[in-house]
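Top to bottom, those sequences are chains P and L.
Per numbering that gives the first Met the number 0, numbering through the first sequence is continuous, rising by one, with the last residue being 104.
Per numbering that gives the first Met the number 0, numbering through the second sequence is continuous, rising by one, with the last residue being 473.
A virtual CB, placed ideally from N, CA and C, is assigned to each residue, including glycine.
Below is one structure, written out as structure tokens; comments come after it.
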Amino acid sequence: MIEGIDITHILIVSTCMFFIGVYGFLVRRNLITILMATELILNAVSINFVVLNKFIYPDVLQGYMFSVFIIAIAAAEAAVAIAIIINVYRRYRTINVENVHDMKY
Amino acid sequence: MSFESLLLMRHELVLLLAIVLLLIAEIGTNDSQKSIISPLAIILFALHTIVGFLPLQEGSLFGGMFNTTNIVATMKNILNLGVLIILLQSWKWLNATENRVKVSEFYIVLFSTLLGMFYMISAGDFLMFYIGLEIATIPLAALAAFNRHENKSAEAGIKLLLSSALSSGILLYGISMIYGTTGSIYFAEISQSFKGFEPIQVMAMIFFFSGMAFKISLVPFHLWTADVYEGAPVSITSYLSVISKGAAAFVFMIILFTVFKLFTPVWQDMMTAIAILTMTIGNLFALRQNNLKRYLAFSSIAQAGFILLGIISGTATGMATVVYFILIYIFSNLSAFGVVSIISAYTGKDSISDLNGMYKTNPKLSLALTLALFSLAGIPPVAGFFGKFFLFTAAAEKDFYILVLIALLNTIVSLYYYLMPVKAMFINKSESPIAYFKTDKISQLGLAISIIGMVVIGFASPVYEKILSFCFGI
Numbered sequence: 000m001i002e003g004i005d006i007t008h009i010l011i012v013s014t015c016m017f018f019i020g021v022y023g024f025l026v027r028r029n030l031i032t033i034l035m036a037t038e039l040i041l042n043a044v045s046i047n048f049v050v051l052n053k054f055i056y057p058d059v060l061q062g063y064m065f066s067v068f069i070i071a072i073a074a075a076e077a078a079v080a081i082a083i084i085i086n087v088y089r090r091y092r093t094i095n096v097e098n099v100h101d102m103k104y
Numbered sequence: 000m001s002f003e004s005l006l007l008m009r010h011e012l013v014l015l016l017a018i019v020l021l022l023i024a025e026i027g028t029n030d031s032q033k034s035i036i037s038p039l040a041i042i043l044f045a046l047h048t049i050v051g052f053l054p055l056q057e058g059s060l061f062g063g064m065f066n067t068t069n070i071v072a073t074m075k076n077i078l079n080l081g082v083l084i085i086l087l088q089s090w091k092w093l094n095a096t097e098n099r100v101k102v103s104e105f106y107i108v109l110f111s112t113l114l115g116m117f118y119m120i121s122a123g124d125f126l127m128f129y130i131g132l133e134i135a136t137i138p139l140a141a142l143a144a145f146n147r148h149e150n151k152s153a154e155a156g157i158k159l160l161l162s163s164a165l166s167s168g169i170l171l172y173g174i175s176m177i178y179g180t181t182g183s184i185y186f187a188e189i190s191q192s193f194k195g196f197e198p199i200q201v202m203a204m205i206f207f208f209s210g211m212a213f214k215i216s217l218v219p220f221h222l223w224t225a226d227v228y229e230g231a232p233v234s235i236t237s238y239l240s241v242i243s244k245g246a247a248a249f250v251f252m253i254i255l256f257t258v259f260k261l262f263t264p265v266w267q268d269m270m271t272a273i274a275i276l277t278m279t280i281g282n283l284f285a286l287r288q289n290n291l292k293r294y295l296a297f298s299s300i301a302q303a304g305f306i307l308l309g310i311i312s313g314t315a316t317g318m319a320t321v322v323y324f325i326l327i328y329i330f331s332n333l334s335a336f337g338v339v340s341i342i343s344a345y346t347g348k349d350s351i352s353d354l355n356g357m358y359k360t361n362p363k364l365s366l367a368l369t370l371a372l373f374s375l376a377g378i379p380p381v382a383g384f385f386g387k388f389f390l391f392t393a394a395a396e397k398d399f400y401i402l403v404l405i406a407l408l409n410t411i412v413s414l415y416y417y418l419m420p421v422k423a424m425f426i427n428k429s430e431s432p433i434a435y436f437k438t439d440k441i442s443q444l445g446l447a448i449s450i451i452g453m454v455v456i457g458f459a460s461p462v463y464e465k466i467l468s469f470c471f472g473i
């Protein structure tokens, strides 16, 4: 543990990260940037798990294990997402969501 | 722990074995021998479905991470039946020349998503639940983008993947709050350590609720549904609308009943509002659709609203009606999708106006689609009526009278749009109706199973009573 930094500070950082991610997901127009926003959300959750485990429940490992699995699954998700984005680029010649709109109400 | 206790995972182990065998078959065949993959996959899956019905012990594995109970095994069997029908119905589309080279990918990826759903339903802690959920959704996005040369398919894939990533992020944030306040991720320990209405725990439940609402496509979170359903290949659309939605509804119900039972008043209030919104908006948007897949997408949103009526009661009857309704919904929706996929595989058409005058040229298909739509609307002789009737009874037992009234009004609205394709087929005249075509035997078999199920299950009360004997309330 670092001197002078307690759990509140880290939780504030992770909460900010989570909402920056949600904001970025809704506002950004580039598919890769949207993917980065979802990674921000997942990383905020990982930080949450690690910090809660370290500060509040130091005698169990569930939080650490959970964050390891979140990282692995986020990697799998990014792999599939990038494969599909490449396919979108080949089809539409752009990855801007405003131009990828064959289907609308 | 002995090896015999691993047999509690029999559904998963057999399915995994099928996946491995398919992988070996894929490696061991060259391009000209690929035609054996489809029959092999269907036979393996049929065996897996039959093995699933053998009696199974109850118990839990890995310190409570994995639970097997009778109701969980029943849910898995229902999903198996649905997937078997989908495999039969997608035969013609998969054996088209442009898909011949990627047949085995289709089966392997589809079976992996089903494996994920099995683990998700059996989960006894949030880690297993989350891993199952992601195994179930990430490959589905790849399947939605299966038609690599179509713009719409790629668009559907990226929309499904990104919105499900956001929803699982929100869900995970809720889980992290629960972990922070209770110190555990096991369902049994969490439900014991909830004491009162702690604001942060209620907040966590709302995060969890909205994450799951994405998966079942309840209304404020339904916007991805119509686009993904339209863009994905028909077989994947039917898989998304019955199997994926059914599995998510099952696990949502189990977690609300076991983990969040202390917060029942809170989630009942939320669910009342969301059920009303979901039914109304799903029905109203379905009125103005012309594309058949989009139309069935909004119909499935409205059906999800009806499913909530059973969950909201929180009783064993409610759980039994939900499982029974989903069983009927699988059969009726798959009959509708079966006809749609046959029409689109043979003629490439998929809008309601294309159906004009189809009764003259293809009377059997028209009758099948009519029966399926009657069942979805809930008209008596077909099973859909009994499913809806039981759901309304379950909600009325717990005094949700206003909700039931609104649901009834919505059923009337839905009658109008469910009869639109029927009117197109039987009454509207057309200069160039869809020409007569002969359907292949395997697609016929898939359609026949789902129609027989749809007609018979409504009258088979032992099925309902068997399900009810397994269920539990709050």
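Residue from the options whose Cα sits closest to the Cα of residue i
| i | options | result |
| --- | --- | --- |
| Asp30 of chain L | L:Val100, L:Ile23, L:Leu286 | L:Val100 |
| Ile405 of chain L | L:Tyr228, L:Ala301, L:Asp353, L:Phe324 | L:Ala301 |
| Ile450 of chain L | L:Ala395, L:Phe336, L:Glu464 | L:Phe336 |
| Ile351 of chain L | L:Leu6, L:Met424, L:Val71, L:Phe207 | L:Met424 |
| Ser331 of chain L | L:Ala17, L:Tyr185, L:Gly457, L:Asn94 | L:Gly457 |
| Tyr294 of chain L | L:Asp349, L:Ile253, L:Lys422 | L:Asp349 |
| Phe65 of chain L | L:Phe110, L:Gly115, L:Pro38, L:Ala40 | L:Gly115 |
| Gln288 of chain L | L:Lys75, L:Tyr228, L:Leu139 | L:Tyr228 |
| Asn52 of chain P | L:Val233, L:Thr360, L:Cys470, L:Gly182 | L:Gly182 |
| Val50 of chain P | L:Pro420, L:Phe128, L:Pro38, L:Met176 | L:Met176 |
| Glu464 of chain L | L:Ala164, L:Gln191, L:Ile70 | L:Ile70 |
| Ser121 of chain L | L:Ala434, L:Leu368, L:Met8 | L:Met8 |
| Lys440 of chain L | L:Leu6, L:Cys470, L:Trp90 | L:Trp90 |
| Ser254 of chain L | L:Thr346, L:Leu286, L:Val19, L:Phe471 | Reading the sequence as shown, one finds Ile at residue 254 of chain L and not Ser. For the residues L:Thr346, L:Leu286, L:Val19, L:Phe471, the minimum Cα distance to Ile254 of chain L belongs to L:Phe471. |
| Lys174 of chain L | P:Ala82, P:Ile69, P:Asp101 | Looking at the sequence shown, residue 174 of chain L is not Lys but Ile. Comparing Cα positions, the closest option is P:Ile69. |
| Glu97 of chain L | L:Ser216, L:Leu161, L:Ala344, L:Phe389 | L:Ala344 |
| Gln88 of chain L | L:Val339, L:Pro198, L:Trp223 | L:Val339 |
| Met211 of chain L | L:Trp266, L:Lys194, L:Ile189 | L:Trp266 |
| Phe186 of chain L | L:Ile242, L:Asn150, L:Thr257 | L:Thr257 |
| Ser111 of chain L | L:Ile134, L:Asn76, L:Val102, L:Ile473 | L:Ile134 |
| Ser237 of chain L | L:Leu326, L:His148, L:Ser334, L:Leu408 | L:Ser334 |
| Gly303 of chain L | L:Leu286, L:Ala315, L:Gly281, L:Asn76 | According to the sequence as given, residue 303 of chain L is Ala; it is not Gly. Closest by alpha carbon: L:Gly281. |
| Ile49 of chain L | L:Ile107, L:Leu222, L:Asn79, L:Val421 | L:Asn79 |
| Glu396 of chain L | L:Trp223, L:Leu109, L:Ile310 | L:Ile310 |
| Ala144 of chain L | L:Thr136, L:Leu132, L:Ile157 | L:Ile157 |
| Asn94 of chain L | L:Leu15, L:Val82, L:Ile36 | L:Ile36 |
| Tyr106 of chain L | L:Ile327, L:Ala248, L:Leu20, L:Leu261 | L:Leu20 |
For residue i, the residue or residues it bridges with in DSSP
| i | result |
| --- | --- |
| Gly58 of chain L | L:Thr67 |
| Ala122 of chain L | L:Phe65 |
| Tyr185 of chain L | L:Asp124 |
| Ser4 of chain L | For Ser4 of chain L, which the question treats as bridged, DSSP gives no partner whatsoever. |
| Asn29 of chain P | P:Asn95 |
| Ser350 of chain L | L:Asn290 |
Extent of the continuous alpha helix (DSSP H) run through residue i
| i | result |
| --- | --- |
| Asp226 of chain L | 222 to 230 |
| Phe256 of chain L | 244 to 257 |
| Met318 of chain L | 315 to 346 |
| Arg89 of chain P | 61 to 91 |
| Glu97 of chain L | Here Glu97 of chain L belongs to no alpha helix (DSSP H), and DSSP marks it neither H nor E. |
| Gly396 of chain L | A small correction: the amino acid at residue 396 of chain L is Glu; Gly does not occupy that position in the sequence shown. Glu396 of chain L -> alpha helix (DSSP H) spans 382 to 396. |
| Ile49 of chain L | 36 to 51 |
| Glu464 of chain L | 460 to 469 |
| Val13 of chain L | 9 to 27 |
| Leu217 of chain L | Segment: none, Leu217 of chain L is in no alpha helix (DSSP H) and carries neither H nor E. |
| Tyr358 of chain L | 357 to 360 |
| Ile235 of chain L | 233 to 237 |
Subject >> Residues within the region 143 to 164 of chain L neighbouring chain P, beta-carbon criterion of under 7 Å >> reply: Under the 7 Å Cβ criterion, the region 143 to 164 of chain L contributes Ala144, Arg147, Asn150, Lys151, Ala153, Glu154, Gly156, Ile157, Leu160, Leu161, Ala164.
Subject >> Segments of 4+ residues assigned as alpha helix (DSSP H) that fall wholly inside the region 262 to 320 of chain L >> reply: When DSSP assignments are scanned along the region 262 to 320 of chain L, the uninterrupted stretches of alpha helix (DSSP H) that are 4 or more residues long and fall wholly within it turn out to be 263 to 285, 291 to 312.
Original post:
Taking Cβ-Cβ distances below 8 Å as the criterion, which residues of the region 60 to 78 of chain P are in contact with chain L?
Top reply: In summary, the residues of the region 60 to 78 of chain P whose CB is separated from some CB of chain L by less than 8 Å are Gln61, Gly62, Met64, Phe65, Phe68, Ile69, Ile72, Ala75, Glu76, in the order they occur in the chain.
Subject >> Complete runs of the alpha helix (DSSP H) confined to the region 399 to 442 of chain L [at least 4 residues] >> reply: When DSSP assignments are scanned along the region 399 to 442 of chain L, the uninterrupted stretches of alpha helix (DSSP H) that are 4 or more residues long and fall wholly within it turn out to be 400 to 425.
Original post:
Taking Cβ-Cβ distances below 8 Å as the criterion, which residues of the region 216 to 230 of chain L are in contact with chain P?
Top reply: So the close ones are Ala225, Asp226, Glu229, Gly230.
**OP:** Pull out every residue of the region 77 to 98 of chain P whose Cβ sits closer than 7 Å to any Cβ of chain L, in chain order.
**Re:** Residues passing the 7 Å Cβ filter: Val79, Ala80, Ile83, Ile84, Asn86, Val87, Arg90, Tyr91.
Original post:
When you check each C-beta in the region 10 to 37 of chain P against every C-beta of chain L, which residues fall closer than 8 Å?
Top reply: Flagged, chain order: Phe17, Gly20, Val21, Phe24, Leu30, Ile33, Leu34, Thr37.
Original post:
Using Cβ-Cβ distances below 8 Å, what residues of the region 126 to 145 of chain L are close to chain P?
Top reply: Shown in chain order are the members of the region 126 to 145 of chain L whose Cβ falls below 8 Å from a Cβ of chain P: Leu126, Tyr129, Ile130, Glu133, Ile137, Pro138, Ala140, Ala141, Ala144.
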